[in-house]
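Everything below concerns the one structure shown next.
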Amino acid sequence: MEKNRTSFYQPEVSLPMRRIVSDLTRTAVVTILAVVLQLVLFTYLNRGGWSIILAMIQKINF
3 MEKNRTSFYQ PEVSLPMRRI VSDLTRTAVV TILAVVLQLV LFTYLNRGGW SIILAMIQKI
63 NF
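Under my numbering, the residues of the sequence shown are numbered 3 to 64, in order.
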């Protein structure tokens with residue numbers, strides 16, 4: 003016996019434009035901050051930062 007299957011149509015829910023813009027803005031800001039942090043860290047480590055970090059690691063290792 004076959005069961006009667008009823009298909010339901012559920013219309014798409016439109017997102018409010020304010021929320022979409024807010025999410026995109028937040029994503030863009032986080033991305034920019036991550037890139038800036040990477041550039042600062044890269045510059046710091048290439049200008050002698052590794053020696054400070056290695057000295058700290060040697061102190062921790064006794």
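The beta carbon of each residue, even a glycine, is placed where N, CA and C say it ideally should be.
Residue i to residue j span [Cα, whole Å]
| i | j | result |
| --- | --- | --- |
| M19 | T33 | 21 Å |
| P13 | L56 | 59 Å |
| L47 | L41 | 10 Å |
| L16 | D25 | Note that residue 16 is Ser in the sequence shown here, rather than Leu. If I take the Cα positions, the gap works out to 15 Å. |
| N63 | I22 | 49 Å |
| F44 | G51 | 9 Å |
### Message
So within the region 4-64, which uninterrupted alpha helix (DSSP H) runs reach at least 4 residues, ignoring any that extend past its ends?
### Response
Fully enclosed alpha helix (DSSP H) runs of 4 or longer: 19-46 and 52-62.
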